[in-house]
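Novice:
2 protein chains.
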Amino acid sequence: MQSSKNIAVVGSGLVGSLLALYLKQTGHKVTVFDRRPDVRKVEFSGRSINLAMSNRGWKALRGAGIEKEVRKLALPLDKRALHVNNQALYFQPYGKKGEAIYSISRGVLNRKMIDLAEKAGVKFQFEEKVWDIDLTEAKLFTGASEKSEWKEYNFDLIFGADGAFSRIRHKMQRQSLFNYSQHFIDVGYKELSIPANADGSHKLDNASFHIWPRGEFMLIAMPNLNGSFTCTLFMPFEGEISFESLDTETKADAFFATHFPDIKDEISNLKRDFFKNPTSSMVTIKCYPWSYEGKVTLVGDSAHAIVPFYGQGMNAGFEDISILFEKIAEYKNDWEQLFTAYQEARKPNTDAIAELSYRNFMEMSSKTADADFLLRKKIEKQFAEKHPDIWVPMYSRVTFSDRPYAEALAIGDAQRTIMDKIMKLPNIEENWDSEKIEQKILELTSSKNVLDT
Amino acid sequence: MQSSKNIAVVGSGLVGSLLALYLKQTGHKVTVFDRRPDVRKVEFSGRSINLAMSNRGWKALRGAGIEKEVRKLALPLDKRALHVNNQALYFQPYGKKGEAIYSISRGVLNRKMIDLAEKAGVKFQFEEKVWDIDLTEAKLFTGASEKSEWKEYNFDLIFGADGAFSRIRHKMQRQSLFNYSQHFIDVGYKELSIPANADGSHKLDNASFHIWPRGEFMLIAMPNLNGSFTCTLFMPFEGEISFESLDTETKADAFFATHFPDIKDEISNLKRDFFKNPTSSMVTIKCYPWSYEGKVTLVGDSAHAIVPFYGQGMNAGFEDISILFEKIAEYKNDWEQLFTAYQEARKPNTDAIAELSYRNFMEMSSKTADADFLLRKKIEKQFAEKHPDIWVPMYSRVTFSDRPYAEALAIGDAQRTIMDKIMKLPNIEENWDSEKIEQKILELTSSKNVLDT
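Protein chains in written order, with the numbering used here: chain A, 4 to 456; chain B, 4 to 456.
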């Protein structure tokens, strides 16, 4: 058991709330600061992508004893539903029977997490803006504005859970030997929605993650409990088909009618949201070190924001908390050592999921509709089903496992090299499910120790 | 001719002073702000590395008509002098006969640049700290501290020449779609010195850039006009032999005596500086875009700080000014278009010199003493001398040319591939200067179009 500390968590988002709950359960005094209003008292922002909770997320929730509670808010999706123009709807199961990712509204989950943390005794201070931090002394300074009178708080420890544009990290960044990068992609996103039918049922299959891959842009839809779908349109900011170019109702009408004919009844809803909701950017953020002595450390997006194309942003943030508490169990009251152990354990893995997410961005919009890509997936899938001990697909290693992300990346790369060779075999289109191909894969895998876990 | 603007330059360093002079000569009203005191009125900091002015630097000075003036402050170095333990001093000429880099003290040059700019009518406001900038309105806010009362200035245009830790860029960084990275290396540096002989002469050859390559660490020395040498010790911050580990006079004595026996008479000077001068860090900074509309743009280290191992930091910054004024000549009063053209022209080239400088960091300390590396250099040199039209060494392309850095990098990579093949030829140590090897290189180069300029 640790001796009780007076701890501040900056940020009441998903990771901040979960961390606060864990810390409270460990016996600490916990205050959460957020510059924004209480998310339970305001409308959702219209700028969020539905969450896909998977193994790592559930594990962290289980650690705080709140998995069951959260399961009630989630809908299992066991497959992708690919809406390719002029083709029948095509389903790709995510994993083995019983494996699924879980669609949850970010706002709904965040409200629940804050409720649970508050009930456990965490103190929340909303609409209080942190402007500065004294890293050495673990002091926070808050106020109405950067130039106004500031209030000073003394803590034993401070956690920065304040997201991609973290104020805490911003202060750390001004220090020598702090490595940092922020890289925006030239694609933005916008939240759209498809309401429920009059009887409250879903208008599309509600056990699928729906994708309309269109090359340069892409629409996705994830179901909500209330029968609606939260959709996300990913599209370049500028260019021929872009958020900038779709600047009139007529152009938007034509855009939705041309590219999404199977949901053309929804055009008026999609269009309304298109002009109402903001266009958001996506960024990969990396930094190191995450902690300052035994006083301050970063968790979640503030340490490692990633693009959302692997559905792992929240899962990776929640896994930070699992790993942090593994280190707490190991090092007890030596916060400096445990922060060091935590960041050293996490950094290679959050770099790996950043890389995987970025690759999926490159892949998802273009290749999910590509015949070659689909064949590759089909071969992999068949082989994996026949030889589940030899071949666990990358997606499953990331999504349905809690083995390190870096391991998934390394094994995935080895698998890719094998599949590159397979796809170059003559007449692979015809004899992809022949025994010869299966033997060839077996042969290639047996010489690749890296596939062992 | 441009219409006259009211322009602020933030930063009175080398690039800021040169830019201010150029702008003044073009007919603009120019005010330079610097948070530090006038460098002409204070002692030098004891944390600078001597500058190596080369082609790109001289070209930019020539453009402002101050080349001759600055030449008087510089000493030409036409070769490296390699001090390898237990070996005779070894000289590597930098280029062809007549080609040299020029050693100048940073402080001496900066004082001269400010003098020249001031004489031309540039206004300098020292010890005035810029805390904020309104990018859209081109306003600067200055004050005693971040939280004090601020003074507001209105300008037509603002240039950020405020170095690696630029305040102007810091503000731009908080914007969406601004890409940024800062990467520190785990090696630091410290300024040391070797004073002149009693008669004012230099204690080492004063037409050489002296290097003591020692694997994990390295000492360099560059001559000053007054007979002294400015030395720089590059060494890891932490580890067995490091700034951290050399923490007593006894250890420092042993360190200098063991590793630098040919300058052991200087130990007391070196040691005094070692404990007096600060240890500085080195960082590579990249960002994009550099400009904000037609209002604000970055020049020099604020846009592209690099590690000092190619001697190109100042040269690259000065070249920014050459290119900026090429674009000014082209686009006249369309500042938005000319800022865009400037950043697009510069970015690939500053990325290239960042890469080359980082590679030199990896190479310089370890390989300059390596037999294989020396042989490779010897073969290249001999071939380049025989076939100057076919083979211009990378160092010369960077240092004695004003062709784009990106081109030098691409050609250098092609040359490296060729040399890798040559170095793998059997018995290369014996027959390196045979006609067969020469023919082989000719053959390899003829199939590499990339070597053409």
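Using N, Cα and C, we set each Cβ at its ideal position, and we do this for glycine too.
Is there a Cβ of chain A sitting closer than 7 Å to that of VAL453 of chain B, yes or no?
Specialist: Caution applies to VAL453 of chain B, whose pLDDT of 48 falls short of 50 and renders its modelled position unreliable; the value that the coordinates give is listed next. Taking Cβ atoms only, chain A never reaches closer than 7 Å to VAL453 of chain B, which makes this a no.
Novice: CA-CA distance, SER404 of chain B and GLN95 of chain B?
Specialist: Those two C-alpha atoms are separated by around 19 Å.
Novice: Using the three-state DSSP reduction, which class does HIS307 of chain B fall into: helix, strand or coil?
Specialist: Helix, per DSSP.
Novice: Buried or exposed: THR300 of chain A, going by 16 or more other Cβ atoms within 10 Å of its Cβ?
Specialist: Answer is buried; the Cβ neighbour count reaches 16.
Novice: For ILE104 of chain B and ALA413 of chain A, I'd like the C-alpha separation in whole angstroms.
Specialist: Spanning the two alpha carbons is a distance of roughly 46 Å.
Novice: Alpha carbon to alpha carbon, how far is VAL453 of chain B from GLY415 of chain B?
Specialist: Unreliable placement is indicated for VAL453 of chain B, whose pLDDT of 48 sits below 50; no coordinate value is reported for it.
Novice: Quick check on THR456 of chain B - is its C-beta less than 7 Å from some C-beta in chain A?
Specialist: Any reading at THR456 of chain B is ruled out, since the residue's pLDDT is 45, under 50, leaving its predicted position unreliable.
Novice: On the criterion of 16 or more Cβ atoms from any shown chain inside 10 Å, does ASN88 of chain B qualify as buried, or is it exposed?
Specialist: Classification of ASN88 of chain B: exposed, given that the 10 Å Cβ count is below 16.
Novice: Could you tell me which of A:SER48, A:TRP153, A:VAL73, A:TYR156 sits nearest to GLY60 of chain A, measuring between CA atoms?
Specialist: Of the candidates A:SER48, A:TRP153, A:VAL73, A:TYR156, the one whose C-alpha sits nearest the C-alpha of GLY60 of chain A is A:VAL73.
Novice: With 7 Å set as the bound, which would you pick, yes or no: does the beta-carbon of SER184 of chain B sit closer than that to a beta-carbon of chain A?
Specialist: Chain A, which has a Cβ nearer than 7 Å to the Cβ of SER184 of chain B, makes this yes.
Novice: If we define contact as Cβ-Cβ less than 7 Å, is PHE364 of chain B a contact residue for chain A?
Specialist: False, the Cβ-Cβ gap to chain A never drops below 7 Å.
Novice: List, in order along the chain, the chain A residues whose C-beta lies closer than 8 Å to that of PHE187 of chain B?
Specialist: Near PHE187 of chain B (Cβ distances below 8 Å), the residues of chain A are SER179, LEU180, PHE181, ASN182.
Novice: Please classify PHE181 of chain B: is it buried, with 16 or more other beta-carbons within 10 angstroms of its beta-carbon, or exposed?
Specialist: Looking at its Cβ environment, which holds 16 or more other Cβ atoms inside 10 Å, PHE181 of chain B is buried.
Novice: Is it the case that the Cβ atoms of SER106 of chain B and ASN53 of chain B are separated by a distance below 7 Å?
Specialist: Contact: yes.
Novice: Is ILE136 of chain A near the ligand MG, in the sense that its beta carbon is under 6 Å from a heavy atom of that ligand?
Specialist: This structure lacks the ligand MG, and indeed carries no ligand of any kind.
Novice: Can you say whether THR456 of chain B is buried or exposed, counting buried as having 16 or more other CB atoms within 10 angstroms of its CB?
Specialist: Here THR456 of chain B scores only 45 on pLDDT, less than 50, and its place in the model is too uncertain to base an answer on.
Novice: For ALA411 of chain A, does the three-state DSSP call read helix, strand or coil?
Specialist: Note: ALA411 of chain A maps to helix in three-state DSSP.
Novice: Does the CB of SER284 of chain A have a neighbour CB from chain B at under 7 Å?
Specialist: With 7 Å as the cut-off, SER284 of chain A counts as an interface residue toward chain B.
Novice: How would you write the range of the alpha helix (DSSP H) that ALA255 of chain A sits in, first residue to last?
Specialist: Note, ALA255 of chain A: alpha helix (DSSP H), 252-262.
Novice: Which one of A:GLU194, A:LEU119, A:ILE288 has the shortest CA to CA distance from GLN176 of chain B?
Specialist: Here the closest residue by C-alpha is A:ILE288.
Novice: Kindly indicate which three-state DSSP category PHE240 of chain B falls into: helix, strand or coil?
Specialist: Three-state DSSP puts PHE240 of chain B in coil, outside helix and strand.
Novice: In whole angstroms, what is the alpha-carbon distance linking ASP118 of chain B and TRP435 of chain B?
Specialist: In a straight line, the C-alpha of ASP118 of chain B is about 52 Å away from that of TRP435 of chain B.
Novice: Under 8 Å by Cβ, that's how I've got LEU447 of chain A and ILE421 of chain A pegged, so tell me the actual separation to the nearest angstrom.
Specialist: About 5 Å separates the two Cβ atoms, so the contact holds.
Novice: Please report the distance separating the alpha-carbon of PRO79 of chain B from that of ILE309 of chain A.
Specialist: Computed Cα separation, rounded: 50 Å.
Novice: Let me confirm a value: HIS229 of chain A is counted as buried when at least 16 other C-beta atoms fall within 10 Å, else exposed. Which label applies?
Specialist: For the record, residue 229 of chain A in the displayed sequence is Asn; it is not His. Under this definition ASN229 of chain A is an exposed residue.
Novice: Along the region 136-159 of chain A, where does the CB come closer than 7 Å to a CB of chain B? Name the residues.
Specialist: Flagged, chain order: LYS150.
Novice: Determine the direct distance from the alpha carbon of LYS75 of chain A to that of GLY68 of chain A, and round the result to whole angstroms.
Specialist: So the alpha carbons of these two residues sit roughly 14 Å apart.
Novice: Exposed or buried, what is LEU428 of chain A when buried is set at 16 or more other beta-carbons lying within 10 Å of its beta-carbon?
Specialist: Answer is exposed; the Cβ neighbour count stays below 16.
Novice: Tell me ARG38 of chain A's beta-bridge partners as DSSP assigns them.
Specialist: DSSP, once it has assigned bridges, lists no residue as partnering ARG38 of chain A.
Novice: Just to confirm, are LEU207 of chain A and ASP276 of chain A a CB contact at a threshold of 7 Å?
Specialist: Not a contact, by the Cβ cut-off of 7 Å.
Novice: Among A:PHE342, A:ILE356, A:PHE376, A:GLU441, which has the Cα closest to the Cα of ARG462 of chain A?
Specialist: For residue 462 of chain A there is no data in the structure shown, the boundaries of chain A being 4 and 456.
Novice: Using CA atoms only, rank isn't needed, just tell me which of A:ASP265, A:SER248, A:ASN352 is closest to HIS213 of chain A.
Specialist: The shortest Cα separation from HIS213 of chain A among A:ASP265, A:SER248, A:ASN352 belongs to A:ASP265.
Novice: Mapping DSSP to helix, strand and coil, what is PHE4 of chain A?
Specialist: The question names Phe, but residue 4 of chain A in the sequence shown is Met. MET4 of chain A: coil per DSSP, three-state reduction.
Novice: In whole angstroms, give me the CA-to-CA distance for ARG217 of chain A and HIS262 of chain A.
Specialist: So the two alpha carbons sit approximately 8 Å from each other.
Novice: Give the single residue among A:PRO281, A:GLY314, A:LYS154 whose Cα lies nearest to the Cα of SER48 of chain A.
Specialist: Of the listed residues, the one whose Cα sits closest to SER48 of chain A is A:PRO281.
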